[in-house]
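Shown next, in structure tokens, is the structure this report addresses.
2 protein chains.
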Amino acid sequence: MPRPKSGTTLRSRKASGQGVSLKSLAEHVGLSQAAVSLVINRSPGAKSIPHRTQELIRQAARELNYRPNHIARSLRQQRSYTIGVVVPEISEGYAALVMSGIEDHLLQEGYFYFVVSHRHRDELIREYPLMLQQRAVEGMIAVDTAITSAAQVPLVAVSGHRDIPGVTNIVLDHARAATLAMEHLTKLGHRRIAFIKGQAFSSDTAIRWESVRNAAQALGLGINERLVGQLEGESSSPELGYVVTRKLLASGEPFTALFAFNDISAIGAIQALREGGKSIPRDVSVVGFDDIQSAAFQNPALTTVRQPLREMGMLAAETLLRRIAAPPGAEYPKEIVVQPELVCRASTAVVPHPS
Amino acid sequence: MPRPKSGTTLRSRKASGQGVSLKSLAEHVGLSQAAVSLVINRSPGAKSIPHRTQELIRQAARELNYRPNHIARSLRQQRSYTIGVVVPEISEGYAALVMSGIEDHLLQEGYFYFVVSHRHRDELIREYPLMLQQRAVEGMIAVDTAITSAAQVPLVAVSGHRDIPGVTNIVLDHARAATLAMEHLTKLGHRRIAFIKGQAFSSDTAIRWESVRNAAQALGLGINERLVGQLEGESSSPELGYVVTRKLLASGEPFTALFAFNDISAIGAIQALREGGKSIPRDVSVVGFDDIQSAAFQNPALTTVRQPLREMGMLAAETLLRRIAAPPGAEYPKEIVVQPELVCRASTAVVPHPS
DNA sequence: GTAGCATACTAAACCGATTTAGTAGCCGTT
DNA sequence: AACGGCTACTAAATCGGTTTAGTATGCTAC
Numbered sequence: 033m034p035r036p037k038s039g040t041t042l043r044s045r046k047a048s049g050q051g052v053s054l055k056s057l058a059e060h061v062g063l064s065q066a067a068v069s070l071v072i073n074r075s076p077g078a079k080s081i082p083h084r085t086q087e088l089i090r091q092a093a094r095e096l097n098y099r100p101n102h103i104a105r106s107l108r109q110q111r112s113y114t115i116g117v118v119v120p121e122i123s124e125g126y127a128a129l130v131m132s133g134i135e136d137h138l139l140q141e142g143y144f145y146f147v148v149s150h151r152h153r154d155e156l157i158r159e160y161p162l163m164l165q166q167r168a169v170e171g172m173i174a175v176d177t178a179i180t181s182a183a184q185v186p187l188v189a190v191s192g193h194r195d196i197p198g199v200t201n202i203v204l205d206h207a208r209a210a211t212l213a214m215e216h217l218t219k220l221g222h223r224r225i226a227f228i229k230g231q232a233f234s235s236d237t238a239i240r241w242e243s244v245r246n247a248a249q250a251l252g253l254g255i256n257e258r259l260v261g262q263l264e265g266e267s268s269s270p271e272l273g274y275v276v277t278r279k280l281l282a283s284g285e286p287f288t289a290l291f292a293f294n295d296i297s298a299i300g301a302i303q304a305l306r307e308g309g310k311s312i313p314r315d316v317s318v319v320g321f322d323d324i325q326s327a328a329f330q331n332p333a334l335t336t337v338r339q340p341l342r343e344m345g346m347l348a349a350e351t352l353l354r355r356i357a358a359p360p361g362a363e364y365p366k367e368i369v370v371q372p373e374l375v376c377r378a379s380t381a382v383v384p385h386p387s
Numbered sequence: 033m034p035r036p037k038s039g040t041t042l043r044s045r046k047a048s049g050q051g052v053s054l055k056s057l058a059e060h061v062g063l064s065q066a067a068v069s070l071v072i073n074r075s076p077g078a079k080s081i082p083h084r085t086q087e088l089i090r091q092a093a094r095e096l097n098y099r100p101n102h103i104a105r106s107l108r109q110q111r112s113y114t115i116g117v118v119v120p121e122i123s124e125g126y127a128a129l130v131m132s133g134i135e136d137h138l139l140q141e142g143y144f145y146f147v148v149s150h151r152h153r154d155e156l157i158r159e160y161p162l163m164l165q166q167r168a169v170e171g172m173i174a175v176d177t178a179i180t181s182a183a184q185v186p187l188v189a190v191s192g193h194r195d196i197p198g199v200t201n202i203v204l205d206h207a208r209a210a211t212l213a214m215e216h217l218t219k220l221g222h223r224r225i226a227f228i229k230g231q232a233f234s235s236d237t238a239i240r241w242e243s244v245r246n247a248a249q250a251l252g253l254g255i256n257e258r259l260v261g262q263l264e265g266e267s268s269s270p271e272l273g274y275v276v277t278r279k280l281l282a283s284g285e286p287f288t289a290l291f292a293f294n295d296i297s298a299i300g301a302i303q304a305l306r307e308g309g310k311s312i313p314r315d316v317s318v319v320g321f322d323d324i325q326s327a328a329f330q331n332p333a334l335t336t337v338r339q340p341l342r343e344m345g346m347l348a349a350e351t352l353l354r355r356i357a358a359p360p361g362a363e364y365p366k367e368i369v370v371q372p373e374l375v376c377r378a379s380t381a382v383v384p385h386p387s
């Protein structure tokens, strides 16, 4: 049994570095770094080290408040326990909710993550994944972002909608989402329905619109092209929905319901409709999409198609970690579909003048 | 001048690691790792290396798509170009906006950041800063979080409100904020004003309330304790404001205006007031705090005291990086005060029955 | 008496860069 | 001819851990 050296080393922790190194700890207990490392990590190689010594080491580690330098460990083990998350913009409710789910699962499993937001700038969408990999992330999650470059690490996309090798897509069942909303409106008697499509850059735009068309057709409903608007602009403020809706109103084409691309634009739409003299939901019913936090607290409370964003985030993290743990070249899911849910609140009502 | 070896090394990049190492690049150009490193980093030591060779090296680096392993570099240089951000909850508008500002400045300067959210759990508030430091962050930003343990690295707190050595606090001028709101209401003729205080754990609660009392006094206004409610519960939904406001209404004490702790609770309050038969702003004026995105798109649009959250985030990042760059032991600001702004919208109006 | 084996460790390689100290060759002086 | 100084590099240490291969010691079995 080795005996601890006299206390001098205790205060010899370097002023510069933030803490005790393995080396100083080893010196302090009078053993080799190897022995200490084996014990601290409870690695199988430590089984020949007697309990007394192990306790001594652990005790010293506790006293000196030793914490292994994660960077050194990463370098040697070729594992960083870090992943990268790519989002369009952190301050948006959508990304924030997904991230909240991601974090939940990740930190629980001992992983940390870097966040980068690209704000739809192409060069950033290209560059950030490379920078993340340079920082040795073990995998990446792309939220509502069409990753262009194939990655060297496992990648999970939340609403990515690209068929890229190596990518697992977490997607909403858009067909079902559109059907839920459209059935709800038709059941209330609505036939003249206006639509707000998403911006071209949003990866959900195409599939969502496609699904709406299909749902309309299945319900025997035609779509009046003059009642179709599209969000324009990079920002994510309700302003965009406001502008489109003004245009829809200006067209003079009558409608009794509006299905917006998301809650944010639905909120702007309601504003515009009110200013146009319409009462919600008496004159016009409005359906949003996403169910962001403030949807429930709008006036009137917004009827919307809920995406389980938090769950999608958790699912993404879970799937990614599973892929990281799997042997390279193993099978992996190409797509994971989650289900939407119609949340009926107060922005929809029966059609005003049943035809 | 060295000549490149034949192309064999070109494909010899390890399948496991994600890329070309300095070693393989050096072998490829037939020079030492040292030379290549010096050239790649344009370090002063490279000045004796002729231009032709430098070009050759850079050319090869480009062709092989060499990217230095950030972890190895961090270890050697004892610099991680990484900071840690501690927030209560990512999906809240408050933290998200601050983070957006932080990111803006940080990525621009070549830094990445880890995010951790503690959800007000004490052991996480204690543990996360340590874990971050173990991962060699060069500094930390704590958002609306009272950091307890003194850190070994520079720390900037956004709305921290603790006088801890080593911490720079970014704070709002609360006195001014309270005055702005109270003057606005009194100018409109309100004298019976109800208040919603924040949760005990929110670091802004105490100072904000103190400021409101002072502002009231300065305006010759008494505060009726029966008209003071307090948010209760961990979550950040408008529900909390709704509950408090119901209680205020139930007390039977009349009031013509309500100053809420934040926009979220103001939104819930409006809901409750409406259900209580009050029209906003005809019967009751409501003032929020923060100016989160959806404040402008409430119905009625919320009058609120704007905190420049994004700017506070940028300022925090800027200050932190400056402190990191400064020699250890240098002076640093203890506090940086930012100014609020009253945003008058449609939730406030003149008092209904002027006394 | 010694081969065999377990016990209790240690030395040294290694991860992938950066960085310091040094060296070999050449040129120009005195 | 010897020296200094410059050019163009390289060898090796280093960061702080992990991990493999190995060694010294004591004990048991034959």
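These protein sequence lines map, in sequence, to chains A and B. Per my numbering, the first sequence starts with residue 33, numbered consecutively. Per my numbering, the second sequence starts with residue 33, numbered consecutively. Note that the Cβ used here is the ideal one computed from N, Cα and C, for glycine as well.
Excluding five sequence neighbours on each side, which residues of the same chain lie with their C-beta closer than 8 angstroms to the C-beta of residue 142 of chain A?
-> 113
7 angstroms Cβ cut-off: residues of chain A touching residue 122 of chain B | 128, 131, 132, 135
Between residue 337 of chain B and residue 280 of chain B, which are expected to be in contact by the criterion C-beta below 8 angstroms, what is the C-beta distance as a whole number of angstroms?
-> That belief does not hold up - the Cβ atoms of residue 337 of chain B and residue 280 of chain B are roughly 20 angstroms apart, past 8 angstroms.
Under the three-state DSSP convention, the category residue 47 of chain A falls into | Confidence at residue 47 of chain A is low in this model, with a pLDDT of 36, below 50, so its placement is unreliable and no value can be given for it.
Find the nearest neighbour of residue 345 of chain B within the set B:377, B:73, B:191, judged by alpha-carbon distance.
-> B:191
Do you know offhand how far residue 297 of chain B's Cα is from residue 271 of chain B's?
-> 7 angstroms
What does residue 398 of chain A reach in chain B if we use C-beta pairs closer than 9 angstroms?
-> The structure shown does not extend to residue 398 of chain A, since chain A is modelled only from 33 through 387, so no value can be given for it.
Hey, could you find the ends of the beta strand (DSSP E) residue 178 of chain A is sitting in?
-> Neither: residue 178 of chain A is in no beta strand (DSSP E) and is coded neither H nor E.
Pairwise C-alpha distance: residue 216 of chain A and residue 351 of chain B = Going by C-alpha positions, residue 351 of chain B is about 52 angstroms away from residue 216 of chain A.
In three-state terms, what does DSSP make of residue 37 of chain A?
-> Low local confidence applies: a pLDDT of 42 at residue 37 of chain A is under 50, so the model's placement there is unreliable, with the coordinate-based value given in what follows. In the structure shown, residue 37 of chain A sits in coil (DSSP, three-state: anything other than H, G, I, E or B).
What is the DSSP secondary structure of residue 367 of chain B, reduced to helix, strand or coil?
-> strand
How about residue 289 of chain B and residue 225 of chain B: are their beta carbons less than 8 angstroms apart?
-> yes
Return the residue from the list B:130, B:131, B:151 that minimises the CA-CA distance to residue 139 of chain A.
-> B:151
Which chain A residues are close to residue 104 of chain B, counting only those with a beta carbon under 8 angstroms from its beta carbon?
-> Going along chain A in sequence order, the residues near residue 104 of chain B (Cβ under 8 angstroms) are 107.
Determine which residues of the stretch 136-148 of chain B have a Cβ less than 8 angstroms from any Cβ of chain A, and write them out in chain order.
-> 139, 144, 145, 146, 147, 148
For the putative contact between residue 147 of chain A and residue 169 of chain A, defined by C-beta atoms under 8 angstroms, what is the C-beta separation to the nearest angstrom?
-> The pair is not a contact, with the Cβ atoms about 11 angstroms apart (cut-off 8 angstroms).
Helix, strand or coil for residue 380 of chain A, going by three-state DSSP, please let me know.
-> coil
In angstroms with no decimal places, state the Cα-to-Cα distance between residue 358 of chain B and residue 365 of chain B.
-> 12 angstroms
Is it right to say residue 167 of chain B is buried, meaning 16 or more other beta carbons lie within 10 angstroms of its own, or is it exposed?
-> buried
If we call anything under 8 angstroms between Cβ atoms a contact, is residue 197 of chain A one with residue 183 of chain A?
-> no
Spatial distance of residue 62 of chain A from residue 84 of chain A (CA atoms) | 14 angstroms
Delimiting residues of the beta strand (DSSP E) encompassing residue 14 of chain B = Absent from the structure is residue 14 of chain B, since the part of chain B shown begins at 33 and ends at 387.
Pull out every residue of the stretch 158-179 of chain B whose Cβ sits closer than 9 angstroms to any Cβ of chain A, in chain order.
-> 160, 162, 163, 164, 165, 166, 167, 168
Could you please give the first and the last residue of the uninterrupted alpha helix (DSSP H) stretch that includes residue 91 of chain B?
-> 83-96
Using beta-carbon positions only, say whether residue 278 of chain B and residue 328 of chain B come within less than 8 angstroms of one another.
-> no
Quick one: Cα of residue 174 of chain A to Cα of residue 105 of chain A, how far?
-> 27 angstroms
Meets three-Cβ-pair contact criterion under 8 angstroms: the stretch 63-73 of chain B and the stretch 83-102 of chain B | yes
Interface residues of the stretch 242-272 of chain A facing chain B [CB-CB below 9 angstroms] | 268, 269, 270, 271
Determine which residues of the stretch 310-329 of chain A have a Cβ less than 8 angstroms from any Cβ of chain B, and write them out in chain order.
-> 325, 326, 328, 329
Just grab the DSSP bridge partners of residue 204 of chain A for me.
-> A:370
With burial defined as no fewer than 16 other Cβ atoms inside 10 Å of the residue's Cβ, what is the status of residue 219 of chain B: buried or exposed?
-> exposed
Compute the distance between the beta-carbons of residue 247 of chain A and residue 255 of chain A, then report whether it is under 8 angstroms.
-> no
So, is the C-beta of residue 303 of chain B closer than 8 angstroms to a C-beta in chain A?
-> yes
Do you know how far the Cα of residue 242 of chain A is from the Cα of residue 321 of chain A?
-> 15 angstroms
If we ignore side chains and look at the alpha-carbon of each, how far apart do residue 326 of chain B and residue 302 of chain B end up?
-> 14 angstroms
Under 8 angstroms Cβ to Cβ from residue 380 of chain A, same chain only, skipping five residues before and after it: list those, please.
-> 216, 217, 220, 289, 313, 317, 318, 319, 335
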